[in-house]
Structure formats: C-alpha cells, structure tokens
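Those letters in the sequence shown? Residues 14 to 290, by our numbering. Glycine included, C-beta positions come from ideal geometry on N, C-alpha and C.
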Amino acid sequence: MDCRAAVNCFPEYPMAHLCPVVTRTLLLIVLVTATERPATHAQVAASRGQEPASLVQRPEQQVAAAPVASAASPRSAVNVRCDANLRYSDSPGNAGLCDVYYPESHAGPGGRPAVVVVHGGGWVSGSKWVLQGYSRLLAQHGFVVVTINYRLAPQFQFPAQVDDVRQALIWTVDNAKRFSIDTDRLGIFGYSAGGHLSTLVSVLADEPVLTQMSASGWQADDPRWKRLPKVSAVCAGGPPCDFRNLPLDNSALAFFLGGSRREKPDVYAAASPISHV
C-alpha cells in the first residue's frame, strides 16, 4: 500500500476514543504486517488521537523489564532489555538521546525488524519516555525499538525536528549489527506531533533530494542523504497533515514554523505532509 493513499485514512475513528488494548493491537497489526516484507513505499496507517497520559512513566536505566502479558495475543511473556540514553545525534543536551528496547532472547540469523518511535507534545514538550509502554510492547513482539528525544521548539524550529527523525533512522541502520536488526524491515511509529514528523519523513522519502530539502536543514551534498534508509511501515496516530489552510495571520504555529502563514507560506506548505502527496 502506497503511503500517499493512506495518510489519515481513518479520521472517523479517533484513537483517543479507543481503549489501550485496541490501540496497541492496531499498532501491532500495522507494523507486524507491513514489516513482514519490505515495500517500495512507506505504509502509513493514521488516525486522530492524543498521547495516553497513562504511558508517561519515569525512566529506568539499563535494566531488564519484568515480563508482562501481551495486549494483542496470549503469547508467552518475553523479557525486554532497555539500553537507555544512547546518543544517536550531535543535537545538544538530551535532544540527541535515544533508548533501545529489544528482546533478551537470541534474534536468529535473519535479525529483527526495527521501529523508530517519535513522541508527541506539540513540538515543544515530551520525551522518549512518553511512549515507553508501546516500546516495550513492540519489543515483546520481536521488534528492536529505538525511541528518541528530538530538538524542541521554540528553541529549535522546523525543520530541525524532521532532520532528527532522519538521523535516528540512519543511526538505527548503523547499529544494525549491535542490536541484530534486519535493515530491510524498518518502521516508524509516532503520536500527535511525532505522527506529523513520522508522516512527513515518510511521504518525502521517495522524492528527489532537492524536494526533500524543503523540509530539511541538510544541504544537497550532505552525505547523510545517501545513507538514509528505506522505511517499510509507518503508524502515525493523530498527525496534523495540512497547515496550508490556516488563517493567514494566525500565529499559533509561529513558535514551530517561524511566523504566520502570511509571513511563511512556503514553510507552511513544506511542513504539510499532504502537500507532498
């Protein structure tokens, strides 16, 4: 399924109205199905919702998670390891840190599929710990999960956050041997602002570099463009996908996009995933 046809395809079923078990099951269905085989284009299952507050928990450093029962199937419990606060980029402070969740069991010769997890928070708040519940769940089901911090507005404005997601994908592939990752099965999962960033990176992924540069601070000759991996699946919860129709003088997103739509029309279009479809 081409991601261009799947952005926000279930708006009538907001994820905020679904119970946690249903939400987690949908996430697993999308990612497990889509990473079963590599696809030419990213696959996006998107719906509207908010980050579940029940998942905001305090960090645990370098500890094995206690076995928990699967929310999607009655499979046996799996021990999950978390390697915390690894640096995936040179972004300052905590912005360049990630946590990696993975099963303690042997991966086997084919390696494991991997998922980069991008938190929400309106581009101004949140951290990699917001979605740790989902990260552990995915690791239980055999995924290597890289959940990231990224640069936040207003200190860092668009497209810094987009480039951080790209850098996380590169870091994940660069560390494939360390975590037994099958680089042909790579996905992204994000909620809210994280869903926006995940969707934007994915819909631009097959475009020429000059097109992708409209939502990047990287120059055309930056070697990272050639290292950027293909993504097989994207699960984006509640991603804002179109900023082009906001009132011209509304400055509600100025903290993120650098001004009103009248002042920055090209930026508002570049930041809108739907404009790249």
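- In the structure shown, residue 115 falls within a strand segment according to DSSP collapsed to helix, strand and coil.
- The three-state secondary structure of residue 278, taken from DSSP, is helix.
- A straight line joining the alpha-carbon of residue 110 with that of residue 163 spans about 8 Å.
- Counting every other CB atom within 10 Å of its CB across the protein chains shown gives residue 118 a total below 16, marking it as exposed.
- Membership of residue 269 in the alpha helix (DSSP H) is indicated by the continuous run 267 to 270.
- Here residue 199 is near residue 185, since their CB atoms are less than 8 Å apart.
- Taking a 10 Å sphere around the C-beta of residue 224, we find fewer than 16 other C-beta atoms and assign the residue as exposed.
- Judged by DSSP in its simplified three-state form, residue 197 adopts strand.
- CA-to-CA, the gap between residue 132 and residue 249 works out to about 11 Å.
- Annotated three-state conformation of residue 126 is strand, per DSSP.
- Residue environment for residue 290: exposed (fewer than 16 other C-beta atoms within 10 angstroms of its C-beta).
- No Cβ-Cβ contact shorter than 8 Å links residue 97 with residue 129.
- When DSSP states are grouped into helix, strand and coil, residue 166 belongs to the coil group.
- The beta carbons of residue 171 and residue 280 sit closer together than 8 Å.
- Inter-segment contact for the segment 238 to 248 and the segment 208 to 215 is present: three or more beta-carbon pairs are separated by less than 8 Å.
- CA-CA distance, residue 187 to residue 195, rounds to 11 Å.
- For residue 93, the enclosing beta strand (DSSP E) covers residues 93 to 100.
- Put simply, the backbone Cα of residue 120 is about 10 Å away from that of residue 156.
- Excluding sequence positions up to five before and after residue 152, its CB lies within less than 7 Å of the CB of 93, 114, 115, 116 and 158, all in the same chain and listed in chain order.
- By the criterion of a C-beta distance shorter than 7 Å, residue 144 is surrounded in its chain by 68, 130, 132, 160 and 204, once the five residues flanking it on both sides are discounted.
- DSSP, read as helix, strand or coil, puts residue 120 in coil.
- Here the C-alpha atom of residue 137 lies approximately 19 Å from the C-alpha atom of residue 283.
- Here residue 175 is actually not in contact with residue 90; their C-beta atoms are around 37 Å apart, not less than 8 Å.
- Within a 10 Å sphere around the beta-carbon of residue 112 sit 16 or more other beta-carbons, which makes this residue buried.
- According to DSSP, residue pairing for residue 160 in a beta bridge involves 112 and 130.
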